[in-house]
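Chains A and B are the protein sequences, given in the same order. If you count the first sequence from 1, position 110 lands on 159 in the working numbering, and the numbers rise without skipping. If you count the second sequence from 1, position 14 lands on 1159 in the working numbering, and the numbers rise without skipping. No residue lacks a Cβ here, since even glycine has one placed at the ideal position from N, Cα and C. Taking it in order: structure first as structure tokens, then the write-up.
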Amino acid sequence: MLSHDFGAGFADPVRDAQGVFRAVLDALSHPGVAQKLTGMSDGVGNLKGELASTLLTLGDHDTAIWLSPRVDTAAVKGFVGFHSGAPVVSDVAKAVFAFVALGDALPNLADCNLGSQEYPDRSTTLVVELPALSGGPALVLRGPGIRDTQEISPVGLPGDFVSQWSENRELFPRGVDLLLVADGQVVGLPRTTRIGDA
Amino acid sequence: MNAVANYNFAYLDEQTKRMIRRAILKAVAIPGYQVPFSSREMPMPYGWGTGGVQVTASIIGPDDVLKVIDQGADDTTNAVSIRAFFAKVAQVATTTHTAEATIIQTRHRIPERKLEAGQILVYQVPIPEPLRFLEPRETETRKMHALEEYGLMHVKLYEDIARHGRIATTYAYPVKVEGRYVMDPSPTPKFDNPKMHRSEALQLFGAGREHRIYAVPPFTDVVSLDFEDHPFEIQHFEEPCALCGAEGVYLDEVILDDRGGHMYVCSDTDHCEERREAGFVGVLGMKEAAE
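Written out as structure tokens, the structure reads:
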């Protein structure tokens, strides 16, 4: 029996998508500064509001998406297929967007699509749900979008994240971009951001 | 019965907006790199700012306040039309005051007033590829950007010096963004180049006919190309604005009669008006008041 409960998308698709997009744009333009996501979709199952809203805002039939194990379910695929039409791929290297649900491990950044030297824009954007965006070990950010330095302290990034990120930074202009979400907020880490210790 | 179908908010359909939004996000993540996008037909001809209009349409929300300038002026045909377009299809508030605007779409100028954090400057770009007149093949220029092979651009600037004794490029003066990509700042006068450097505002560039979007995030290094013995210089004007007396701003020459009479006035009309309202008077402004 097929389930026909695909969950609810945006209440006001045009306005809500614009609001979420501007939050994401601000997040990538000001790396490390948490931006509030307004007008979120409730999502479905483990695909919570933050991930679901980003997916609905940016994903459609042109964007292959990768789902981490906890959201790689029939219910979530129904939501994705019904509301966005985005094809789901099992190889993260083929994904335009990768969605990592709370509690799932981040895929190795180097395993994602890193783009090419000619088309660095074709790389994967990862959207990662964390337990919290503050309260964890402090990271100091530098780079475009940051006046001097910006401090973040997200909870739940893998132990080798800083070294993985520095390898990602080395690939510039290739590399992945990261959106960290929790508590109705989004923090952007574009590939240009350099992370140092506090 | 006679109701006319409404446009979607901000004219573009949602699928198009998503595609443009994805391009904008990658453009911000790779400062100065030109992201290809699938440019749409707009209800205005190419060359009238279709790239800028598509970028603005994709970012604008109901709470935004839009300002549109054409060569610094709020009151020219292009600026008035685009402002009216968004007032109609997005029902947004519009303004001519730089300080009040959240989004400023511009054709070939950066406002004189320093832009602030939270403001977005959207440039209309005719030819996004700075290397295009040196190398017509897209396959080649793409490779040159990939390999960071910008020697040809320096040769071009050097030939300027060999021919004219100085770098003669005065607008669309090439810049290097964050030490990596050489970028065309659109045909703004080189006077405005220093304003791009570590600007607090986000700068987005849309080229409709050429299907490219690129960006400079806030606090990003934007350095005009030059040589040690021929450093980059901006234009200087010998007289102040004739209406408001402003110095250190970009001026337009206005012909007054057929006997060689002319005046120089601020190209940024809002800046000029604000100064005059604040009591600043230039040479011809004073004469006007005395008569």
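Cβ neighbours of residue i in the same chain (closer than 7 angstroms, five flanking residues each side left out)
| i | result |
| --- | --- |
| alanine 1235(B) | Phe1154, Ala1155, Ile1205 |
| valine 137(A) | Ile114, Leu116, Lys126, Val129 |
| proline 80(A) | Leu190, Gly192, Gly194, Ile195, Gln199, Gly237, Leu238, Pro239, Thr242 |
| proline 1362(B) | Val1173, Pro1176, Leu1347 |
| proline 1181(B) | His1356, Arg1357 |
| arginine 171(A) | Asn162, Gly164, Ser165 |
| threonine 1241(B) | Lys1212, Asp1219, Asp1415 |
Nearest-angstrom Cα separation, counted from residue j out to residue i
| i | j | result |
| --- | --- | --- |
| serine 1369(B) | arginine 1166(B) | 28 angstroms |
| lysine 1233(B) | valine 1213(B) | 14 angstroms |
| alanine 60(A) | glutamate 1418(B) | 44 angstroms |
| glutamate 1355(B) | proline 1273(B) | 7 angstroms |
| leucine 1170(B) | glycine 1405(B) | 50 angstroms |
| serine 212(A) | aspartate 226(A) | 15 angstroms |
| phenylalanine 1372(B) | glycine 1324(B) | 15 angstroms |
| proline 1207(B) | threonine 1247(B) | 11 angstroms |
| valine 1399(B) | threonine 1201(B) | 31 angstroms |
| phenylalanine 131(A) | glycine 58(A) | 9 angstroms |
| aspartate 1329(B) | valine 93(A) | 45 angstroms |
| isoleucine 1255(B) | aspartate 109(A) | 35 angstroms |
| aspartate 1366(B) | arginine 1343(B) | 5 angstroms |
| glutamate 99(A) | glutamate 1384(B) | 56 angstroms |
| glutamine 1269(B) | glutamate 1159(B) | 22 angstroms |
| aspartate 1209(B) | valine 1225(B) | 17 angstroms |
| arginine 1421(B) | threonine 1243(B) | 16 angstroms |
| aspartate 1402(B) | cysteine 1389(B) | 21 angstroms |
| serine 1183(B) | isoleucine 1312(B) | 36 angstroms |
| methionine 1189(B) | asparagine 1223(B) | 10 angstroms |
| threonine 122(A) | methionine 89(A) | 21 angstroms |
| glutamine 1179(B) | proline 169(A) | 10 angstroms |
| glycine 1296(B) | glutamate 1304(B) | 12 angstroms |
| phenylalanine 1425(B) | arginine 1282(B) | 51 angstroms |
| alanine 154(A) | lysine 1340(B) | 43 angstroms |
| serine 78(A) | histidine 1407(B) | 44 angstroms |
| valine 145(A) | tyrosine 1191(B) | 30 angstroms |
| alanine 1423(B) | glutamate 1245(B) | 17 angstroms |
Beta-carbon gap between residue i and residue j smaller than 7 angstroms
| i | j | result |
| --- | --- | --- |
| valine 1237(B) | phenylalanine 1231(B) | yes |
| leucine 1429(B) | alanine 1391(B) | no |
| valine 235(A) | valine 82(A) | no |
| valine 120(A) | alanine 150(A) | yes |
| proline 1334(B) | tyrosine 1316(B) | yes |
| glycine 208(A) | asparagine 217(A) | no |
| histidine 1141(B) | proline 1332(B) | With chain B covering 1146 to 1436 only, the question about residue 1141(B) has no answer from this structure. |
| serine 215(A) | serine 202(A) | no |
| alanine 181(A) | alanine 124(A) | no |
| glycine 152(A) | leucine 179(A) | no |
| isoleucine 1306(B) | phenylalanine 1336(B) | no |
| glycine 233(A) | leucine 86(A) | yes |
| aspartate 75(A) | glutamine 84(A) | yes |
| glutamate 167(A) | alanine 1291(B) | yes |
For residue i, the residue or residues it bridges with in DSSP
| i | result |
| --- | --- |
| glutamine 84(A) | Val235(A) |
| leucine 182(A) | The partner list for leucine 182(A) (beta bridge, DSSP) is empty, contrary to what the question assumes. |
| serine 1369(B) | Val1320(B) |
| alanine 1360(B) | Leu1349(B) |
| alanine 1328(B) | Rather than alanine, the amino acid found at residue 1328(B) in this sequence is methionine. Answer by DSSP bridge pairing, in chain order: Val1320(B). |
| asparagine 1223(B) | DSSP lists no partner for asparagine 1223(B). |
| alanine 1238(B) | Val1210(B) |
| valine 204(A) | Ala181(A) |
| aspartate 312(A) | Nothing in the structure corresponds to residue 312(A), since chain A is present only between 50 and 247. |
| methionine 1408(B) | Val1399(B) |
| glycine 245(A) | Val189(A) |
| leucine 96(A) | Val93(A) |
8 angstroms Cβ shell around residue i - same chain, five flanking residues per side excluded
| i | result |
| --- | --- |
| methionine 1298(B) | Pro1275, Leu1276, Leu1279, Pro1319, Val1327, Leu1370 |
| valine 141(A) | Trp115, Ala147, Pro156, Asp160, Cys161, Asn162, Thr173 |
| methionine 50(A) | With a pLDDT of only 48 at methionine 50(A), under 50, the local geometry of the prediction cannot be trusted, and the value read off the model is given with reservation. Cβ within range, chain order: n/a, list empty. |
| threonine 1286(B) | Glu1274, Leu1276, Arg1277, Glu1280 |
Own chain partners of residue i with C-beta closer than 6 angstroms, once the 5 adjacent residues on each side are dropped
| i | result |
| --- | --- |
| alanine 1346(B) | Leu1260, Gln1264, Leu1266 |
| lysine 143(A) | Ala113 |
| threonine 1239(B) | Leu1211, Arg1228, Ala1232 |
| leucine 188(A) | Ile201, Ile244 |
| asparagine 95(A) | Arg119, Val120, Ala150 |
| aspartate 1413(B) | Gly1217, Pro1256, Glu1257 |
| glycine 56(A) | Val93, Phe128 |
| isoleucine 1249(B) | Lys1212, Leu1266 |
| serine 1203(B) | Lys1162, Ile1165, Arg1166 |
| aspartate 1215(B) | Thr1221, Asn1223, Ala1224, Arg1252 |
| leucine 1157(B) | Ala1202 |
query: Do three or more CB pairs link the region 1388-1397 of chain B to the region 1351-1359 of chain B at distances below 8 angstroms?
result: no
task: Mind the definition here: the region 58-71 of chain A touches the region 93-106 of chain A only if three or more C-beta pairs lie below 8 angstroms; say whether that holds.
output: yes
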